[in-house]
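In the working numbering, the protein residues as written are 518 to 844. Following: one structure in structure tokens, then a few remarks.
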């Protein structure tokens, strides 16, 4: 079997099993994956106390049972979704070559990005979930073959609100992919300007994309292709922090200042308000623990850059921009 046929077979099998999980999870109006994780953590902590004090079981047997349960959870995770970590990366799937950074190509990318960001600006004061779903699914279907991502398994993927939104906001998480029941969830505190890009990002994870940088890349490509102004702006706005972070590191202070001053004041104000909004909800202690755990999780699943992987989206965008020039 050639590689193309193998990839098609994998995609078809993934879509088939994914659809079955999605149909099951859609029977519930709440995020059953969040509830499952909460009950599992509570059970692993409470069971040893109960078994020791009430059942008088030896510690060896108690810990063995806890370990056995965690092993089944581990197996379930990889069978349901974790096998995606072994797939090829973006450059291998698309055969788009990686473009190394040069001052020239970075400056060209940044200049074009800021022009498009400013041009796309529109006040976003509400969330139209139906429009966002329809546009996101439509554009993912269009991009599937050329950008190496699976098509959505159906036209109405159901997004759910995170079950423990106040706590999730304390750790700065805006969305997640629930691997056990193949459902994707969004933070209930999301602001209108963040919602479309976050929706597209988490849907990318549902479609088998494990890399955070790649999910950011797909969210950007999907949203910026939309004819809906609010969705398009959300796509450009979603990578502003990554672009400025790279610019701060790679450009001289004078170059960075000139670049920053080119951004519309309304966008700068929105970014500041956005940062203040999430900072007010964030808990440094809880967030630091979550960051450490998530960094270990990413590196344990072959994403060696850990949380730095989020900023690698700029490299993907530059590589794609350079490839488009040649094609």
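In this text, a Cβ means the ideal position worked out from N, Cα and C, and glycines have one as well.
Coil, strand or helix - residue i by DSSP
i: residue 544; result: coil
i: residue 841; result: helix
i: residue 619; result: coil
i: residue 605; result: coil
i: residue 766; result: helix
i: residue 846; result: Within the shown structure, residues of the chain are numbered from 518 to 844, placing residue 846 beyond reach of any answer.
i: residue 833; result: helix
i: residue 595; result: helix
CA-to-CA distance, residue j to residue i, given in whole angstroms
i: residue 728; j: residue 603; result: 11 Å
i: residue 792; j: residue 750; result: 17 Å
i: residue 656; j: residue 739; result: 6 Å
i: residue 842; j: residue 835; result: 11 Å
i: residue 576; j: residue 592; result: 24 Å
i: residue 773; j: residue 567; result: 59 Å
i: residue 605; j: residue 672; result: 26 Å
i: residue 712; j: residue 584; result: 38 Å
i: residue 654; j: residue 769; result: 40 Å
i: residue 687; j: residue 798; result: 5 Å
i: residue 809; j: residue 562; result: At residue 809, the pLDDT of 48 sits below 50, so the modelled position is not reliable; the number obtained from the coordinates is stated separately. If you take the alpha carbons of residue 809 and residue 562, they lie about 20 Å apart.
i: residue 582; j: residue 565; result: 9 Å
i: residue 595; j: residue 601; result: 8 Å
i: residue 838; j: residue 766; result: 21 Å
i: residue 650; j: residue 667; result: 16 Å
i: residue 846; j: residue 646; result: Outside the shown range of the chain (518 to 844) lies residue 846, about which nothing can therefore be said.
i: residue 684; j: residue 598; result: 25 Å
i: residue 663; j: residue 586; result: 41 Å
i: residue 661; j: residue 736; result: 13 Å
i: residue 620; j: residue 560; result: 53 Å
i: residue 844; j: residue 716; result: 30 Å
i: residue 762; j: residue 640; result: 24 Å
i: residue 580; j: residue 542; result: 31 Å
Range covered by the beta strand (DSSP E) that runs through residue i
i: residue 694; result: 692-695
i: residue 703; result: 700-703
Terminal residues of the alpha helix (DSSP H) in which residue i lies
i: residue 571; result: That residue, residue 571, is in no alpha helix (DSSP H); it is neither H nor E in DSSP.
i: residue 517; result: The chain is shown only over 518 to 844; residue 517 falls outside these bounds and no answer can be derived.
i: residue 744; result: First-last for residue 744: undefined, no H or E at that position.
i: residue 795; result: 782-798
i: residue 719; result: 712-723
i: residue 655; result: 646-664
i: residue 687; result: 682-687
Contacting residues, own chain, Cβ-Cβ under 7 Å from residue i (five flanking each side not counted)
i: residue 627; result: 760, 764 and 776
i: residue 590; result: 557
i: residue 665; result: 607, 610 and 611
i: residue 732; result: 718, 721, 722 and 726
i: residue 748; result: 649, 652, 713 and 740
8 Å Cβ shell around residue i - same chain, five flanking residues per side excluded
i: residue 832; result: 615, 616, 618 and 730
i: residue 701; result: 674, 676, 677, 692, 693, 694, 695, 719, 720, 722 and 723
i: residue 642; result: 709
i: residue 784; result: 634, 635, 638, 754 and 757
i: residue 840; result: 613, 614 and 616
Same chain only: Cβ atoms within 6 Å of residue i, ignoring 5 sequence neighbours per side
i: residue 544; result: none
i: residue 669; result: 654 and 657
i: residue 644; result: 709 and 712
**Prompt:** Using 8 Å as the Cβ pair cut-off and three pairs as the minimum, do the region 770-788 and the region 621-631 touch?
**Reply:** yes
**Request:** Specify whether the region 695-707 and the region 741-748 touch according to this definition: at least 3 beta carbon pairs, one from each stretch, less than 8 Å apart.
**Result:** no
**Message:** Assess contact between the region 751-760 and the region 688-704, defined as three or more Cβ pairs (one per stretch) separated by less than 8 Å. Is contact present?
**Reply:** no
**Asked** Would you call the region 571-588 and the region 715-728 in contact, with 3 or more CB pairs under 8 Å?
**Response** no
**Asked** Taking one C-beta from the region 548-564 and one from the region 672-683 each time, how about it: are there three or more such pairs within less than 8 Å?
**Response** yes
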